[in-house]
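These protein sequence lines are chains X and G, in that order. The first sequence begins at 1 in the UniProt record's numbering and counts up one residue at a time. The second sequence begins at 1 in the UniProt record's numbering and counts up one residue at a time. Don't be surprised by glycine CBs; every beta carbon is placed ideally from N, CA and C. I have placed the structure first, in the form of structure tokens, so that the comments after it can refer back to it.
2 protein chains.
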Amino acid sequence: MAKSVNKSVIFLKYPQEFPVPGEHFEVQSHELKIDLKDNDVLLRNLFISLDPYMRGKMRNTDNSYTAGFKIGQPLDGAGVSEVIESKNPAFPVGAIVTGMVGWEEYTVVAGAKGLRAIPNARESKIPLSAYVGVLGMPGLTAYSSLKIIGQPKAGETIFISAASGAVGQLVGQIAKRLDLRVVGSAGSDDKVEYLLKELKFDAAFNYKKGNILESLRAAAPEGVDIYYENVGGETLEAALEVMKLHGRIIACGMISQYNTQNPYGVKNLVNIVGKRITMRGFIVSDFAAESGADFARDVGSWLVNGEIIYKEDIAVGIDNAPTAFVGMLQGKNFGKQVVKIADL
Amino acid sequence: MAKSVNKSVIFLKYPQEFPVPGEHFEVQSHELKIDLKDNDVLLRNLFISLDPYMRGKMRNTDNSYTAGFKIGQPLDGAGVSEVIESKNPAFPVGAIVTGMVGWEEYTVVAGAKGLRAIPNARESKIPLSAYVGVLGMPGLTAYSSLKIIGQPKAGETIFISAASGAVGQLVGQIAKRLDLRVVGSAGSDDKVEYLLKELKFDAAFNYKKGNILESLRAAAPEGVDIYYENVGGETLEAALEVMKLHGRIIACGMISQYNTQNPYGVKNLVNIVGKRITMRGFIVSDFAAESGADFARDVGSWLVNGEIIYKEDIAVGIDNAPTAFVGMLQGKNFGKQVVKIADL
């Protein structure tokens, strides 16, 4: 079963703006050395998740609080994998697991650290890719932060940027279930149609057409109680203008600011004072203990029962991972971006 | 006892930048008509408070959540006053009270609404001006927001901008009592010396000399856990650079942004995401119920026992109120700005 060659996406160089395949990262084939010690497993990766936060790890973090990717090493992230060799009785050969893996075909996970088995994975109606999406980190991100930071109340209005993305589409559907008025922005007419027709948003607009503030005012004439922030820059500025007293900003991401050396200057932060706004950044692990069990139960059952839907954008083959990642940073994906590396 | 003429500072016109005495507000004399109804009182104002938030009320608020000053009417704010006519048995003639009054010599308060008696005011060692400063709204602002938003813990570092001002000087002294490392910025060398020598700050710098970010890095090389925000703009941007993981920003004010039509664009808000920062605006009334009693007990006893000090900048005479207000917006005051209108 073991293979002698592995293909990995290797990190080459810190990008200043958008990373370029071949310059900042590239696929390399190398010999797969397997020397499992007690409790180690060898994984054959089936899906890997591409997420905007990864761009934040593509920098020199010697002086930073958060670990970055290492030059010369494979990028990593959440994946769904099959155990193909095992010295760990908890994860026998044939088990399907989710956890942190390399962007590569095969990963040895020392001590099986951080892996979680997906029970009945081969028989389930749930696609395996869901475990790095709606049932994985992006799903928990949406579920926990909306509840804990957003403090949503029926009748309030929420505005979600990047609303058809990995996190936004679930935030919107949860907010609808909680009887909020849901407004979204996205970067194409197709995405806007998806928000309105499929996800039943109350209003949505294409931020690339016309003035963002005017579009937002038209979509939320009553103002916004909660802004689910994935974008930053001009969209944040517009949100601050229309926020209501005691508004909450869930600062999940600011993807418009990750790939530029000319970040946008937000000029109306004085609204945070005047409107008594709370803006809070987080990472999902902050909330896992508090929300993990409720999330798995609620979102799992909603998904199985067809009460929510979740759109994925699946690139096929590890060779396409770098291009798919750059495309996601540019908003070319439609739905949660994943890479399918192999069939089960 | 009653007078027939009253001098008031009347609001004339919405300013776009700094208000100009004579153009946007001015002192006018007019007949004092006294026709007290049941429960009304006539006050002779002794001190009025000038506060930066008042600039935020000098705008057309027809479409706003917060009430603004009315054109043609006196400005108002917190004051300390003597009751000189009364149809309210709770506030007899001779009582010393604090509450909202006009910027003027005499104010009729219908129903004595919002007034609070200062017990033993004539015998107390506490100067009456303290009741619009360290023992009034600015004091409660400092005390409550540091505790509730700041969540200070011994050993943490706090950075306070406008640190010798009405709120900042108390924040710094409370933080020292809680064993935080306290860093402040102010706009003159005299103020910096006051922070270091009198208030025993651990570090302080003059933001007008050199680069703010470099000065802040030198003053807080270990980073900042709590930023007490009074200034906004470039100072906020510098604070975001040096904030630590899970930092808290207490958004009390942004005075650098109140008097300009060219607000500063803050370019590094992405730190809120990456460092999981919470930034929260508030007004003091949000916290009065929770903190009011503790505040009165703690700060009152510290002040009486000489455990804290509090610097005031006292302009004399209602005629000087407009100039003193503009000076405060320009940072010319040294300590809490008040206007003494009359002797007791």
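CB contact check: residue i to chain G, cutoff 8 Å
i                      : result
residue 157 of chain X : no
residue 286 of chain X : yes
residue 268 of chain X : yes
residue 168 of chain X : no
residue 232 of chain X : yes
residue 1 of chain X   : Only weak support exists for where residue 1 of chain X lies, its pLDDT of 47 falling under 50; the coordinates are left without a value.
Cutoff 8 Å: residue i Cβ touching any chain X Cβ
i                      : result
residue 59 of chain G  : no
residue 330 of chain G : no
residue 263 of chain G : yes
residue 236 of chain G : yes
residue 257 of chain G : yes
residue 114 of chain G : no
residue 339 of chain G : no
Alpha-carbon spacing of residue i relative to residue j, whole angstroms
i                      : j                      : result
residue 76 of chain X  : residue 50 of chain X  : 9 Å
residue 282 of chain G : residue 30 of chain X  : 57 Å
residue 293 of chain X : residue 205 of chain G : 49 Å
residue 197 of chain X : residue 191 of chain X : 10 Å
residue 177 of chain G : residue 274 of chain X : 29 Å
residue 170 of chain G : residue 69 of chain X  : 44 Å
residue 17 of chain X  : residue 236 of chain G : 25 Å
residue 285 of chain G : residue 200 of chain G : 30 Å
residue 164 of chain G : residue 301 of chain X : 56 Å
residue 210 of chain G : residue 103 of chain G : 38 Å
residue 106 of chain G : residue 4 of chain G   : 10 Å
residue 262 of chain G : residue 74 of chain X  : 46 Å
residue 10 of chain X  : residue 180 of chain G : 44 Å
residue 347 of chain X : residue 208 of chain X : Beyond the ends of chain X as shown, which are 1 and 344, falls residue 347 of chain X; an answer cannot be given.
residue 268 of chain G : residue 71 of chain X  : 25 Å
residue 324 of chain G : residue 166 of chain X : 54 Å
residue 138 of chain X : residue 230 of chain X : 12 Å
residue 271 of chain X : residue 194 of chain G : 31 Å
residue 1 of chain G   : residue 94 of chain G  : Bear in mind that the predicted position of residue 1 of chain G carries a pLDDT of just 47, short of 50, making it unreliable; the figure below should be weighed with that in mind. In a straight line, the C-alpha of residue 1 of chain G is about 11 Å away from that of residue 94 of chain G.
residue 174 of chain G : residue 132 of chain G : 18 Å
residue 13 of chain G  : residue 48 of chain G  : 21 Å
residue 92 of chain G  : residue 342 of chain G : 19 Å
residue 116 of chain G : residue 109 of chain G : 12 Å
residue 257 of chain G : residue 24 of chain X  : 40 Å
residue 46 of chain G  : residue 297 of chain G : 24 Å
residue 346 of chain X : residue 335 of chain X : The structure shown does not extend to residue 346 of chain X, since chain X spans only 1 to 344, so no value can be given for it.
residue 310 of chain G : residue 118 of chain G : 19 Å
residue 26 of chain G  : residue 6 of chain G   : 13 Å
residue 113 of chain G : residue 62 of chain X  : 59 Å
residue 253 of chain X : residue 280 of chain X : 11 Å
Touching by the beta-carbon criterion (3+ pairs, under 8 Å), the stretch 208–218 of chain X and the stretch 236–251 of chain G:
no
Along the stretch 269–284 of chain G, where does the CB come closer than 9 Å to a CB of chain X? Name the residues.
269, 270, 271, 272, 273, 274, 275, 276, 277, 278, 279, 280, 281, 282, 283
May I ask you to verify whether the stretch 184–197 of chain G touches the stretch 136–147 of chain G, counting CB pairs closer than 8 Å and requiring at least 3?
No, the stretch 184–197 of chain G is not in contact with the stretch 136–147 of chain G.
Counting only Cβ-Cβ distances shorter than 8 Å, please list the residues of the stretch 32–61 of chain G near chain X, keeping chain order.
56
Anything in the stretch 235–255 of chain X with a Cβ closer than 8 Å to a Cβ of chain G? List those residues in chain order, please.
236, 244, 245, 251, 252, 253, 254
Entirely enclosed alpha helix (DSSP H) segments - the stretch 24–79 of chain G, minimum 4 residues
53–56
Which complete alpha helix (DSSP H) runs does the stretch 190–237 of chain G hold, if anything under 4 residues is left out?
212–219
Counting Cβ pairs, one atom from each stretch, are 3 or more of them under 8 Å apart for the stretch 148–158 of chain X and the stretch 225–239 of chain X?
yes
Pair every Cβ in the stretch 78–95 of chain G with every Cβ in the stretch 37–45 of chain G, then say whether three or more of these pairs are closer than 8 Å.
Enough Cβ pairs lie closer than 8 Å, so yes.
Please confirm if the stretch 54–73 of chain X is in contact with the stretch 119–130 of chain X, defined as three or more CB-CB distances below 8 Å between the two stretches.
no
Where in the stretch 107–183 of chain X do unbroken runs of the alpha helix (DSSP H), each at least 4 residues long, occur, reported from the N-terminal end onward?
137–145, 168–177
List, from N- to C-terminal side, the alpha helix (DSSP H) runs of 4 residues or more that fit wholly inside the stretch 286–319 of chain X.
288–304
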